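Engineer:
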Amino acid sequence: MKSKLNLDPKVIDSARSCAGRIAESMQIFIDRHTTVSTERTVLRLLGVDGVDDVDTPLPNVVVDAIKDGGGLPRGAAYWIGNAMIQTGLDPQAIAEKMAAGELDIMKLTMASKEDAEAKILPIVNKALEKIKAQTAKREDYLATIGEGRKPYLYVIVATGNIYEDVVQAQAAARQGADIIAVIRTTAQSLLDYVPYGPTTEGFGGTYATQENFRLMRKALDEVGEEVGRYIRLCNYSSGLCMPEIAAMGAIERLDVMLNDALYGILFRDINMQRTLIDQYFSRVIIGYCGTIFNSGEDNYLTTDDAYEAAHTVLASQFINEQFAVLANIKEEQMGLGHAFEMDPDLENGFLYELAQAIMAREIFPKAPLKYMPPTKYMTGNIFKGHIQDALFNMIAVWSGQSLQLLGMLTEAIHTPHLQDRMLSIENAKYIFNNARAIGEEVEYKQDGIMQKRAQFVLAEAEKLLHEIEAEGLFSTIEKGKFGGVKRPKDGGKGLAGVCVKDDSYFNPFIPFMLGGEK
Amino acid sequence: MKSKLNLDPKVIDSARSCAGRIAESMQIFIDRHTTVSTERTVLRLLGVDGVDDVDTPLPNVVVDAIKDGGGLPRGAAYWIGNAMIQTGLDPQAIAEKMAAGELDIMKLTMASKEDAEAKILPIVNKALEKIKAQTAKREDYLATIGEGRKPYLYVIVATGNIYEDVVQAQAAARQGADIIAVIRTTAQSLLDYVPYGPTTEGFGGTYATQENFRLMRKALDEVGEEVGRYIRLCNYSSGLCMPEIAAMGAIERLDVMLNDALYGILFRDINMQRTLIDQYFSRVIIGYCGTIFNSGEDNYLTTDDAYEAAHTVLASQFINEQFAVLANIKEEQMGLGHAFEMDPDLENGFLYELAQAIMAREIFPKAPLKYMPPTKYMTGNIFKGHIQDALFNMIAVWSGQSLQLLGMLTEAIHTPHLQDRMLSIENAKYIFNNARAIGEEVEYKQDGIMQKRAQFVLAEAEKLLHEIEAEGLFSTIEKGKFGGVKRPKDGGKGLAGVCVKDDSYFNPFIPFMLGGEK
Amino acid sequence: MGSHTTHSACETTTVDLTNVKPYGDTMNDGMMQLSFTLPVPYGEEANEAAKILARKMGLDEPAVVFSKDMVGFTYFVLYGKCQHTVDYSTIKVTKVEVDVMDRLECEKYITENIKRPVVIVGACSGTDAHTVGIDAIMNMKGFHEHFGLERYHGIEAVNMGSQVPNEVLIAKAIEVNADAILVSQIVTQKDVHIANLTNLAELMEAEGIRDKVILICGGPRISHELAQELGYDAGFGAHTYAEDVASFILTEIVKRKMV
Amino acid sequence: MGSHTTHSACETTTVDLTNVKPYGDTMNDGMMQLSFTLPVPYGEEANEAAKILARKMGLDEPAVVFSKDMVGFTYFVLYGKCQHTVDYSTIKVTKVEVDVMDRLECEKYITENIKRPVVIVGACSGTDAHTVGIDAIMNMKGFHEHFGLERYHGIEAVNMGSQVPNEVLIAKAIEVNADAILVSQIVTQKDVHIANLTNLAELMEAEGIRDKVILICGGPRISHELAQELGYDAGFGAHTYAEDVASFILTEIVKRKMV
Ligand code: B12
Ligand code: B12
Ligand SMILES: Cc1ncc(COP(=O)(O)O)c(C=O)c1O
Ligand SMILES: Cc1ncc(COP(=O)(O)O)c(C=O)c1O
C-alpha cells in the first residue's frame, strides 16, 4: 500500500535494520546474564507458589537460598532438578521444606546438568500445557462470543481493592470497555517480590498478585459472556519482577501486559542491566502465550515535549520491535506505545499529532498500537479535558489505532471514578462511530504540513538510531536521550540481583517457548 | 479554484439561475404590495419614535390611523409628507399630535404625490446620513481596533433583562466572543409592534427595542475598545416587525440580523404574503447599512432530519441568496444559514456533515456562512454535549465557516449561563487553533463517501428548485417541502396588515437605498 | 507493609439502601462533582469562598480542582465528599399508573371496550412554538419508530400545532367533543409553563368541561407529580411515546365510564 | 403585558459580598451544576433520591437533567439553586507572605544580604515518582520560561530526583549543610502524601535539624495552609515558579538570621 504520508520506505528499512543491530548487540549481553527475578520466574513456572510464615513468597525463599549459597550462576532450574533427584519431592514441596528450614538444597549431592534437566522436563511440559490451555481458551472465547471492534476501548481500574476493582471493571465492560487494566499500587514496581493472595489496600492502584489476576479474570469472563464480547485483562509485566508477572499472566490468561525495560529504567530508576535481562525472559513468555505487550514510549512525552521529542518515541518503537522479534513475538502482539501529548495551545497541533499517529500506523502496519491519551496537559477543567480526549479519539479512529487507552476527564484529579469511565467510553464510542471511515476518505496534501512533519520525525528517528548504534544503548540512556532522563549503567535499583551465568546454566523454558533452540 | 468535492459547476449554475427566477417571480408579487410594518418602518426612518399614553408606539398610532382612514395603499410617506405641507410640523410632532388626538392627517387637504415626496426629501436624506455615519463608524472601528479571526465566535445572551444581558455580553467579549446576539423574548415575533424603552422582563430572551439596542451597542463598543477587537451586535429582523427592526438596527449600528421570511412562515406561523413583503424592505435596509443578514435554514433541521432534508437547506440558501441579490445585498453580507444537526448515532455522520459544510463553502465562496450548533440531539448530558460541540467546531474550522454560533453544553436545559458561554468559547478557541490549517491540508477520496454525499445533496437541491419554479414558492410551502411544515397561503398571523399599493404609492427610502431607481 | 506482608481479604462493602451516599470509586466515599460561578474576583479568597460554600452544603474535603478568572466572577470546578445520605428504601414516586399497551393492543382495547372513536385534541399552547414533541405523540409518523396517535385505528387525533391560545384550544375541544386534551409545554423559563398550564385548567373549569375531558400535559420538564399539582390527570416527560399516552387515555375512559 | 406595555428600567442587582451566592445568569439565582453516581438502580426513584440529596445540600428546585443506567448504579447530572451564602468580605487565606523577587533580584539579594552560597536540597520523596514538578522548580531549564534554581547565581541546588526515602533526603541535607529542603508530593491517593510529609518532619525533629533548615513542600494538591498544619514553613501549589520559592527562602534566611 502506498504511503499516504509519502514516507520513504528506504528510510524505514534503514531505521529498522539499525534497531535490529542495536537489539542484537544487547542480546549478547543479555544471554550471558541471569537475575533473581528471572530465576524466580523459572520456579513459578515449575509450580512454586505460596508464602512462608513471614509472608515471603516461596520463589523468593528458594532463590535467596540459591543466591546465598552462590548457586545463582547455574540457575534455579538446575538446583530444583537436582533437589528433585536427591529428595524425590516435587518443586513445591522442596520450596515448602526450605521455607520451614527443613531442607538446604545447596548442600545436596550434585547431579549432572543433563540429569537435572531431564528430571524437571515433565514439570516443564505440564507448565507449558497449562499455558497452552489458557491460550486455547482465549481463542475459543474469541471464536464464540467474539470481541469489540478496534480501536479497542481500554480503561483502567485503580481502587486499590481487588473486590472494588471487580465491581468497577464489570461496570466498565457493561458500558462498552474491551480491555480492563488493573493499575498497580504505587511503587509495587520497586518491590523485589510479588505479593501473595487477594489484596484490598493499594495506593492509586491494586497489587498485582496471582490471586488478584485470577479473581479479575473470572469476573471478566463472566461479564464477557453476559455482554457477548471477550473482555481482555491487562496488567504490568514491569518493574523488578517483570518476568515473574509475565509468567503469572500466562498462567492466569492475561491478554495484555505493559512491558518495557526502558520505562523501568527511566521512570522507576531500575538498573538498566537488570531490567533488560528480565525483559528478555518476560517477552519470551509473552510471545509464547499470545499476550499483547505494551511498550512505554508514551511516558517519554510526560517528561519531554511531544513536538520536540517525537522522534525518540519512534526510535524506541523500532528498538522495542526488534527486542520483540528476538523474543519470537509476532507483530500482531506488538502493542507499541505512543501518546497524544501535544500542547493543546500549539497551533496546528492536531495536524502534527495526526501525522505522527498515521506515521506509526504505516511503519508498523500489523502491530496493535497502543495509543495513550492526553495526560500532561490535562487540568482540573474537566470540560476542556473531555474535549481534549475527544480529539484524541478522533485521531485514533482516523489513524486506525488498536488499543485505545481512554482519556479520563478527571486525569489531573484522581484515578477514575465510575462515572468518569462511563463518560470516557461514551466519548470514544460516539466519535469512533461518527467518524468511522474518515481514515479512508481523506488524503494529505503533497508536501503539506502533515507529510513534512511525518517525514521529518522519521528522518530524525533514523538519525538517532544510528547514533545509538554507534554509542551503544546503555550509554545512550546514560546521556538522557529518552524522556530527557539520565540514568547511570550501574545505578538504580536491583543491580545486586544480576549475575553472570556459568557454563552449565540452563533455563528449561526458553527453548520450548521460542519453539526451537536458543 | 477546483472543487475538492468534485461538484459540477453546471449543476450549481442551473440551481442558482432557477432560484433567481423563483425570486424574481416573487418580487413581482412583492412590488405590488405593502404592509403595516413596512409603512411603520418608513415612519421610523423619518424619525417617528416614542409611545402614546397607553404605551402604543407612535409608528403604530400613525399607521393605524392611516389604515383606518383607508390610506394605506398610498403609503405612509405620502400622508406624512402631505401633513408636513399642511401643518408645517415635522413627522415626530405630527405623530405626537395624532397620539394626543389633536390631529387627523387623513382629513387634511391632499397635496400631489410629487409635492409630498419633495417635502420629506430632506428628512429622508438626514435619515440616510445618520445610517451612513453608523456604517462609517463600524468601518472605522474595524480599521482601528480590528476584529477577531474567522470563524467569528458568536454567542447569545438571553437573560430577559437588558442590564443583565450587558454584564453577560461584556463578560463573553472578554472571554473571546466576536459577536453577541441578544435573543428576543418568547413570542416577540408575534407582536405587531416594537416595544419601547429599556426592558427587564423577557422570557427566554430580551425584548428587541431601540433603547435596548442602544444600551448594548454602547456596552459592546466599550468592551471592544477594552479588548482591542470590534464586537459585533446581532438581533432579529424577523417576525411581524421585520423591516422596523431592520431600520432600528441600521440606526443603532447592529452588525448582524437574523432575517428570513421562511423562518417566520414555518416556525412562527406568520402569513407568507405578509412576511415576504416585509422581508424585501428589511433586506434593502440591511443591504444599505452593511449589516450581515442570517437566514434561518438551520431551523429546518430541528423539525426535519438533517440527513434526509439536507437538500432543502441548500435549495433555501439559493433562494435566500437571490432574494438578497434583488435587495442589492453584497455576497459578503449574506450569512446563509446551515446547521450541524446530524444524529450523533449515525455511522459516518461526521463525514456527511463535513461534506455538506464544505459544499456550502464551495457554492457560496464569499458569503459569511452562519453555522448553527447541534441543538436537536443535545441532551441533559452536558459532557456528551460538550463533545458534540467540539465536533461541530472541528467541522467549522475545517470547512472555513464564518459566523460560528457556539454550541452550549447546556443547550437542552436552559439559556446560557455565564460559565456555559465561557466553556463554549474555550472549546471553539482550542479547536480552531489546534486544527487551524486542516482544511488546506486534506483532500477527499475520488468518489468517496464525502464527494458522493455532496454531489447527491446538490443534485437533489437542483431538482427541488426546479419543482419550486414549476409550482411557485407559495404552493411549495403549502405542501410542506421546507422543514416538513405546511402553511396555507392565507393562514397564519398578520395577513390583515397586507394591502395592494395604489398608483401613487411611494416608499422614499427604497430607491436611495438601492442606489438607483426601483 | 512489613517486609513481605500482603493484605487481608475483606470484600467490598455492600450498599445500605437506607443510607445511600454518592459513589466515586468506593462505597460511601460520597464523591461529587460541582461546577458554578461566584460573583467575586478570582484568587485564593475566591477559592476559599467556594470551599466554604461546599462545606455548608455538607461536602467534606472540598477541593477546588479548577478555577478561572471571569473578570469580577470566578468559575470553579470542585470535588467534595457529600455527608448527607438518602433513605432510598422509602422513596415513593407518583407515576402514571397504567399498563402500557402497544398500538395493536390499544386498537383492540378500543374495539372491545370503548366501541366508538376516541377523540383527542392536542396543541403546544400559549406562546410555545415547539411542536416537535407534540408532533411526536400525535402525528402519523411518530418518533423513534413509534407511530403517533393519528395512525391508531379508532383514534381521531387533532393536532392544532403551536402557539395556540388556550381559549382556542378549549373551543376546539368542545367543537369536536374531545375525550382528551394534550398540551405540550417546552419553554419553562421563568415558569411560563406553570402560568400557562394553570390558566388552561382554570379556563376549563370556567367552561364547565374540566370533568368531561381527560387533561394531560407533557414536555421535557414536566413530571406526573407536577401535572397532578396543577390539576391535570397526568403528565408525561422526556422519552414518552404515543402508546404511553394512548394507554392512559383509553383505560381512563373505561375507568371513568366515559364509554 | 397589557396591549403595548413595555417594562420598567430597573438595573441589575449588584453583588452583596457579605452574602455571596452562585451566579447562573442572574445575581443570586444560586445556580449550580452537580454530577454524581448513586449506588441505586436506575429509574424514577433514583431521580427522586438524587433530588432529595440535593435538597439536603441546600439546593432549591433541583432538576435531574440527565440520568443514566450504570447497572446497579445511576449517574446524574443535576442543576439546582444553592440557598447557602458565603461572607466573602471576611475571608482570610493563609498565604505565603513574601514579596516575590525575580531571578536577578534574588541574586542581588543574596549578594547584598546573605553573602554566601545558599544550599537547597530537593526531592520527590517516599514512593512518589513524579519529578516533573520538582524539576520545574530546581533544574536549569525550569518551566514556562521561568528558569529553575540551578540557574541562580548564589544558589546551590541539589535535586535528588524521585522515590527518595526520607532518611536519605535528610542525610543529604546534613551532608551538604542545606539551608532548605524542598519536598514534592504529587500522589495524594489515600492521603499518602500526608503520611509521608509527617514522617519527614518527625525524622527531622528526631535528627535535631528541624530548626536549622527551612522546610518546604509543594505539589498540585498542596496548600500553604496544609503545609503549616503539617509543621512545614511553607507550601506551594500549582503554577509555582522557582522565584516564588527562592524569594521565600532568601527572605526567611535573613529573617531567621541564618546568614
Ligand atoms: C427544536 C427547538 C426549537 C425549534 C422548534 C421547532 C418546532 N417547530 O418545534 C425552534 C428553532 C423554532 C426553536 C425556537 C425557540 N426555542 Co427552542 N429548542 C429546540 C430544541 C433544540 C429541541 C426541542 C425538540 O424538538 N426536542 C425533541 C422532542 C421530541 O422532545 P420533547 O419536546 O421533549 O418531546 C418529548 C417529550 O417531552 C414528550 N412531550 C412533549 N410534549 C408533550 C405533550 C404531551 C401531551 C405528552 C404526553 C408528551 C409530550 O414527548 C415527546 C416525545 O418523547 C431545544 C433544545 C433541546 N435539545 O432540547 C430548544 C429549547 C427547547 N428552545 C428554547 C428556547 C428558549 C427557544 C426560543 C424561545 C428562543 C428564542 N428566544 O428565540 C425560541 C422560540 C420558540 C418558542 N416561543 O417556543 C429553550 C427552552 C429553555 C427553557 N427550558 O425554557 C431550549 C431548551 C434551548 C435552550 N437551551 O435555550 N426551538
Ligand atoms: C507525568 C505523570 C506521570 C509520569 C511521571 C514522570 C515523571 N518523571 O514525573 C509517569 C508516567 C511516570 C506517572 C506515573 C504514575 N502516576 Co502519574 N501522572 C502524571 C501527570 C500526567 C502529570 C504530572 C506532571 O508532570 N505535572 C506537571 C508539573 C509541572 O506540575 P506539578 O507536578 O503540579 O508541579 C508544579 C506545582 O505543583 C509545584 N510543585 C510541585 N512539586 C513541588 C515541590 C516544591 C517544593 C515546590 C515549591 C513546588 C512544587 O510546582 C510545579 C511547577 O509549577 C499527572 C496528571 C496530571 N495531568 O496532573 C498524573 C498523576 C499525578 N499520576 C497519578 C498516578 C496515580 C500515577 C501512578 C501512581 C499510576 C500507577 N499506579 O501506575 C504512577 C506511578 C508514579 C508514582 N508512584 O509516583 C495520579 C495521582 C492521583 C493522586 N492525586 O494521587 C495523577 C493525577 C493521574 C491520575 N488521575 O490518576 N505519572
Ligand atoms: C511499561 C510500563 N510499565 C509500568 C507502568 C506503570 O508503572 P508502575 O507500575 O511502575 O507504577 C507504565 C505506566 O505507564 C508503563 O508504561
Ligand atoms: C431567521 C430567524 N428569525 C428569528 C429567530 C428567532 O425566533 P423568534 O424571535 O421568532 O423567537 C430565528 C431563530 O433561530 C431565526 O432563525
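From first to last, the protein sequence lines stand for chains A, B, C and D.
Take any residue in the first sequence, count from 1 to its spot, add 566: that is its number in the working numbering.
Take any residue in the second sequence, count from 1 to its spot, add 566: that is its number in the working numbering.
Take any residue in the third sequence, count from 1 to its spot, add 748: that is its number in the working numbering.
Take any residue in the fourth sequence, count from 1 to its spot, add 748: that is its number in the working numbering.
Positions of the beta carbon are idealized from the N, C-alpha and C atoms, including for glycine.
Since this is a predicted model, take the numbers as computed values, not measurements.
Using the Cα positions of Cys758 of chain D and Pro764 of chain B, report the straight-line distance between them to the nearest angstrom.
Structural biologist: In this prediction, Cys758 of chain D has a pLDDT of 47, which is less than 50 and means its spatial position is unreliable; what the coordinates show is noted afterwards. Computed Cα separation, rounded: 9 Å.
Engineer: Please confirm whether Asn801 of chain A has its beta-carbon closer than 8 Å to some beta-carbon of chain C.
Structural biologist: So no, Asn801 of chain A is outside the interface.
Engineer: Consider the Cβ of Ala952 of chain A: report whether some Cβ of chain C lies at a distance smaller than 8 Å.
Structural biologist: The question names Ala, but residue 952 of chain A is His in the sequence shown. No, its Cβ sits nowhere closer than 8 Å to a Cβ of chain C.
Engineer: Can you determine whether any heavy atom of ligand 3 sits closer than 7 Å to the C-beta of Gln754 of chain A, and answer yes or no?
Structural biologist: Under cutoff, so the answer is yes.
Engineer: Spell out whether any CB of chain A is found under 8 Å from the CB atom of Tyr1117 of chain B.
Structural biologist: Because chain B here runs from 567 to 1084, residue 1117 of chain B falls outside it and cannot be looked at.
Engineer: Can you find the residues in the same chain that come closer than 8 Å, C-beta to C-beta, to Ala949 of chain C, ignoring five residues on each side of it along the sequence?
Structural biologist: Cβ within range, chain order: Arg958, Leu963, Leu978, Gly979, Tyr980.
Engineer: Do Asp864 of chain A and Ala905 of chain A have their C-beta atoms within less than 8 Å of each other?
Structural biologist: Cβ atoms of Asp864 of chain A and Ala905 of chain A: closer than 8 Å.
Engineer: Taking CB distances under 8 Å as the criterion, tell me whether Ala797 of chain C reaches chain B.
Structural biologist: No, Ala797 of chain C lies away from the interface with chain B (no Cβ there is under 8 Å from its Cβ).
Engineer: With burial defined as no fewer than 16 other Cβ atoms inside 10 Å of the residue's Cβ, what is the status of Asn907 of chain D: buried or exposed?
Structural biologist: Asn907 of chain D comes out buried.
Engineer: Considering only heavy atoms of ligand 1, does any lie closer than 7 Å to the CB of Gln937 of chain C?
Structural biologist: Within the cutoff, so yes.
Engineer: Please find out if some non-hydrogen atom of ligand 2 comes closer than 7 Å to the beta-carbon of His987 of chain D.
Structural biologist: His987 of chain D: yes, Cβ under 7 Å from ligand 2.
Engineer: Could you check how far apart the C-beta atoms of Gln883 of chain B and Leu902 of chain B are, in whole angstroms? I think they sit under 8 Å.
Structural biologist: About 4 Å separates the two Cβ atoms, so the contact holds.
Engineer: Mapping DSSP to helix, strand and coil, what is His599 of chain A?
Structural biologist: Reduced to three states, the DSSP call for His599 of chain A is strand.
Engineer: Just list the residues that DSSP pairs Ser719 of chain D with in beta bridges.
Structural biologist: Chain D is shown from 749 up to 1007; residue 719 of chain D falls before or after that span and cannot be answered.
Engineer: Output the distance between the C-alpha atoms of His901 of chain C and Met888 of chain C, rounded to the nearest integer angstrom.
Structural biologist: Computed Cα separation, rounded: 11 Å.
Engineer: Who are the near neighbours of Arg598 of chain A in its chain, counting only those whose CB is closer than 7 Å to its CB and skipping five residues on each side?
Structural biologist: Same-chain partners within the cutoff: Val1066, Lys1067.
Engineer: Taking 8 Å as the CB-CB limit, is Thr1042 of chain A close to chain C?
Structural biologist: No, because no Cβ of chain C sits closer than 8 Å to the Cβ of Thr1042 of chain A.
Engineer: Is any non-hydrogen atom of ligand 4 found closer than 7 Å to the C-beta of Tyr823 of chain D, if you look at the structure I gave you?
Structural biologist: The answer is no for Tyr823 of chain D.
Engineer: Could you spell out the range, first to last residue, of the alpha helix (DSSP H) harbouring Tyr857 of chain C?
Structural biologist: Taken as a continuous stretch (DSSP letters only), the alpha helix (DSSP H) holding Tyr857 of chain C covers 851-857.
Engineer: Curious, which full-length beta strand (DSSP E) runs of at least 3 residues does the segment 906-954 of chain C contain?
Structural biologist: For the segment 906-954 of chain C, whole beta strand (DSSP E) runs of length 3 or above, ordered along the chain, are 928-932.
Engineer: For my contact list, Gln911 of chain C and Thr936 of chain C are in at a C-beta cut-off of 8 Å; report their separation, rounded to the angstrom.
Structural biologist: Gln911 of chain C to Thr936 of chain C, Cβ: 16 Å. No contact.
Engineer: Can you list the residues of chain D that Gly726 of chain A reaches, using a CB-CB cut of under 8 Å?
Structural biologist: Ordered by position in chain D, the residues that pass the 8 Å Cβ test against Gly726 of chain A are Gln937, Lys938.
Engineer: Given that Met1016 of chain B touches chain A, what residues does it touch there, using C-beta distances under 7 Å?
Structural biologist: Result: Glu1007.
Engineer: Could you compute how far the alpha carbon of Tyr937 of chain A sits from the alpha carbon of Asp1069 of chain A?
Structural biologist: The alpha-carbon atoms of Tyr937 of chain A and Asp1069 of chain A are separated by roughly 43 Å.
Engineer: Helix, strand or coil, according to DSSP, for Arg798 of chain B in the structure here?
Structural biologist: Strand at Arg798 of chain B.
Engineer: Can you tell me the Cα-Cα spacing of Leu782 of chain C and Ile979 of chain A, whole angstroms?
Structural biologist: Distance between the alpha carbons of Leu782 of chain C and Ile979 of chain A is about 14 Å.
Engineer: Is Tyr802 of chain A near ligand 3, in the sense that its beta carbon is under 7 Å from a heavy atom of that ligand?
Structural biologist: Yes, since a heavy atom of ligand 3 falls inside the 7 Å radius drawn around the Cβ of Tyr802 of chain A.
Engineer: Determine, for Thr701 of chain B, whether the minimum Cβ-Cβ distance to residues of chain D falls below 8 Å.
Structural biologist: Chain D contact via Cβ: absent.
Engineer: Is it the case that the Cβ atoms of Ala884 of chain C and Phe895 of chain C are separated by a distance below 8 Å?
Structural biologist: Against a cut-off of 8 Å, the Cβ pair of Phe895 of chain C and Ala884 of chain C comes out as no contact.
Engineer: In chain order, what residues of the same chain lie with their CB nearer than 7 Å to the CB of Met818 of chain C, ignoring the 5 residues before and after it?
Structural biologist: Around Met818 of chain C: Thr785.
Engineer: By the criterion of Cβ-Cβ separation under 8 Å, what are the contact partners of Lys816 of chain C in chain B?
Structural biologist: By Cβ distance, chain B contributes Met988.
Engineer: Do Arg798 of chain B and Val822 of chain B have their beta-carbon atoms positioned less than 8 Å apart in this structure?
Structural biologist: Contact: yes.
Engineer: Run the CB neighbour count on Thr859 of chain C, radius 10 Å, all protein chains shown included, and call it buried at 16 or more, exposed below.
Structural biologist: It counts as exposed.
Engineer: So, are the CB atoms of Ser804 of chain A and Gly815 of chain A less than 8 Å apart?
Structural biologist: Cβ distance not < 8 Å, so Ser804 of chain A and Gly815 of chain A don't count as in contact.
Engineer: Run through the DSSP bridge pairs and tell me what Gln970 of chain B is partnered with.
Structural biologist: For Gln970 of chain B, which the question treats as bridged, DSSP gives the partners B:Leu719, B:Tyr937.
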